[in-house]
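For the sequence shown, my numbering begins at 3 and goes up steadily by one. In this text, a Cβ means the ideal position worked out from N, Cα and C, and glycines have one as well.
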Amino acid sequence: MAYATSEAQSATVPATMRAAVLFGPGDLRVVRKPTPRPGPGEVLVRVAMCGTCGTDLKIQAHPFPNQPPFGEFTPGHEWTGTVVALGETVDELHLGDRVASEVHKGCGRCENCVLGMYTACLNYGSVAKGHRTSGLTTDGGFAEYVVHHVTALFPLPDNVSWEDAVLVTTAGTGLYGLDAIGGYVAGDTVVVIGPGPVGLMTVQLCKALGAERVILVGTRQSRLELGARLGADVVVDARPGNAVAAVREAAGKRGVDLVIEASGAAEAPQQCIEMVRRGGKVLVVAYYKEPVRLDLGRAVREDITLYGTRGEGGNNVRRALSLVAQGKVRGGELVTHRFPLEQIQEGFRVLREREGDPIKVVFVP
Ligand SMILES: [Zn+2]
Ligand SMILES: [Zn+2]
3 MAYATSEAQS
13 ATVPATMRAA
23 VLFGPGDLRV
33 VRKPTPRPGP
43 GEVLVRVAMC
53 GTCGTDLKIQ
63 AHPFPNQPPF
73 GEFTPGHEWT
83 GTVVALGETV
93 DELHLGDRVA
103 SEVHKGCGRC
113 ENCVLGMYTA
123 CLNYGSVAKG
133 HRTSGLTTDG
143 GFAEYVVHHV
153 TALFPLPDNV
163 SWEDAVLVTT
173 AGTGLYGLDA
183 IGGYVAGDTV
193 VVIGPGPVGL
203 MTVQLCKALG
213 AERVILVGTR
223 QSRLELGARL
233 GADVVVDARP
243 GNAVAAVREA
253 AGKRGVDLVI
263 EASGAAEAPQ
273 QCIEMVRRGG
283 KVLVVAYYKE
293 PVRLDLGRAV
303 REDITLYGTR
313 GEGGNNVRRA
323 LSLVAQGKVR
333 GGELVTHRFP
343 LEQIQEGFRV
353 LREREGDPIK
363 VVFVP
């Protein structure tokens with residue numbers, strides 16, 4: 003049964019849909035629930051694919067602040083799909099458009115949003131004030147349909163696949179970090195620590211932006227091999243505990259201009275400080291389980307500038323999408339596992355237990 007819409011435009015949309023709902027810690031089940039309706043400025047998207055990341059495991063174990071209640075909440079923050087209904091005032095997109103998404107939609111009224119720093123919105127989690135993070139503080143993409151604000155949606159060029167589009171959200175995180183440090187890495191030697199999805203996309207972004215040498219540091223051989231295929235000039239196995247010495251040797255006399263920490267490993271921030279050359283930069287885009295120890299005095303003595311950025315702000319998902327469409331960044335190769343939405347528990351088990359070295363696990367509704 004289709005619902006009658008008051009939206010400006012709508013394709014035929016069923017009144018209910020299949021969606022994963024978090025009923026309690028670790029209790030994520032696919033049920034039927036009402037199909038969401040787009041309000042003013044919003045868009046209803048039929049989900050083609052939704053990726054997963056470590057955050058999805060964390061929110062199933064312990065609710066995040068501002069997470070919708072158990073029994074209602076549908077997670078999933080790395081989705082792509084097709085526009086099927088437009089809320090009032092939306093004329094930037096059309097029915098049938100394929101779109102990529104970014105997670106954050108700032109309130110648009112706090113000082114940070116006014117300055118363009120909407121991933122650091124001061125009204126984070128306040129739906130009433132217009133903020134939403136899809137799949138974190140509002141319903142997301144582990145469902146047949148999802149609503150998001152038009153500012154967080156980007157039309158896909160025809161040559162961009164669904165798999166690439168899922169990874170565009172991830173690439174936006176690396177690109178926002180590079181944006182924040184000044185965006186200019188041409189001719190530089192860059193180290194990326196952590197060959198997870200963010201790290202592997204960031205390797206490619208640095209090459210696309212003209213970095214002379216990109217050194218990827220990780221512990222899993224299969225990941226390092228993929229990193230090399232995706233453009234890393236040198237890969238360094240961090241396992242023997244000599245990552246710093248190996249990086250310094252690979253970098254040569256000039257040293258490392260920039261280290262990007264994308265691993266979240268407790269020892270990595272100290273390694274960054276020891277790898278980077280005097281006067282260089284360290285960019286942290288990872289999250290840590292606990293407070294980390296590092297020799298801050300060394301960072302000061304060596305005139306090292308430290309940066310930390312959150313998520314995929316600064317309109318960098320749109321820019322990352324352009325790099326994908328230009329063939330300069332590849333996302334689809336990171337999609338290693340694909341499950342129908344009904345097998346969501348099995349998919350997360352594979353991710354949690356790292357069965358078959360999953361890089362990006364995706365669900366297809
Ligand atoms: Zn994520
Ligand atoms: Zn704001």
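Taking the Cα positions, Glu263 is about 20 Å away from Val319.
Cβ-Cβ distances below 6 Å link Ala230 to Val237 in the same chain, with the five nearest sequence neighbours on each side left out; the list follows chain order. Note that the C-beta distance between Leu158 and Ala102 is below 7 Å. Rounded to whole angstroms, Gly118 and Glu314 show a C-alpha spacing of 12 Å.
Counting C-beta pairs with one atom in each stretch, the segment 100 to 116 and the segment 144 to 159 have three or more that are closer than 8 Å, which means they touch. Setting aside the 5 residues that flank it on each side, Gly78 is surrounded in the same chain by Cys52, Gly137, Gly142, Gly143, Phe144, each with a C-beta closer than 6 Å to its C-beta; the list follows chain order. Going by DSSP, Asp305 is part of no beta strand (DSSP E) at all; its letter is neither H nor E.
Leu88 is a Cβ neighbour of Val45, given a cutoff of 7 Å. Here the residues close to ligand 2, judged by CB distance below 5 Å to any of its heavy atoms, are Gly108, Cys109, Cys112, Cys115, Cys123, Asn125 in chain order.
With the criterion CB distance below 5 Å from any heavy atom of ligand 1, the matching residues run Cys55, Thr57 along the chain. Inter-residue distance for Lys283 and Val32 is about 45 Å (C-alpha atoms, whole angstroms).
Sorting His96, Ile361, Gly132 by C-alpha distance to the C-alpha of Cys109 places Gly132 at the top.
DSSP lists Cys52 as the bridge partner or partners of Trp81.
Per the C-alpha coordinates, the member of Phe75, Met19, Trp81 positioned closest to Pro27 is Phe75.
Fewer than three pairs of CB atoms, one per stretch, sit closer than 8 Å, so the segment 175 to 188 makes no contact with the segment 332 to 339. Straight-line spacing of the CA atoms in Glu146 and Gln206 works out to 31 Å.
Straight-line spacing of the CA atoms in Thr82 and Phe365 works out to 11 Å.
For Leu260, the beta-bridge partners assigned by DSSP are Val192, Lys283. Look at the beta carbons and you see the segment 251 to 265 touching the segment 192 to 205: at least three pairs across the two are nearer than 8 Å. Shown here, Ser128 sits in coil according to DSSP, grouped into three states, outside any helix or strand.
Check the Cα spacing between Asp235 and each of Arg340, Ala210, Gly243: the tightest is with Ala210. A check of alpha carbon separations from Asp297 across Val287, Met277, Gly316 identifies Met277 as the nearest.
Here DSSP, grouped into helix, strand and coil, assigns Ala268 to coil. Within the model, the alpha-carbon separation for His150 versus Gly329 is close to 27 Å. For Trp164, same chain residues with a beta-carbon under 6 Å away, outside a window of 5 residues either side, are Ala50, Met51, Thr82 in chain order. Using a 10 angstroms sphere on the CB of Tyr120, the tally of other CB atoms reaches 16 or more, which defines it as buried. Here Thr57 carries a helix assignment [DSSP, helix/strand/coil]. About 6 Å separates the Cβ atoms of Pro36 and Thr18, confirming a contact at the 8 Å cut-off. Look at Glu214 here: in three-state DSSP terms it is coil, with no helix or strand label. A direct Cα-to-Cα measurement between Asn317 and Arg250 gives close to 34 Å. In the DSSP assignment, Ala322 falls outside any beta strand (DSSP E) and lies within the alpha helix (DSSP H) extending over 318 to 327. For Tyr178, there is no enclosing beta strand (DSSP E); the residue is found in the alpha helix (DSSP H) stretching over 164 to 182.
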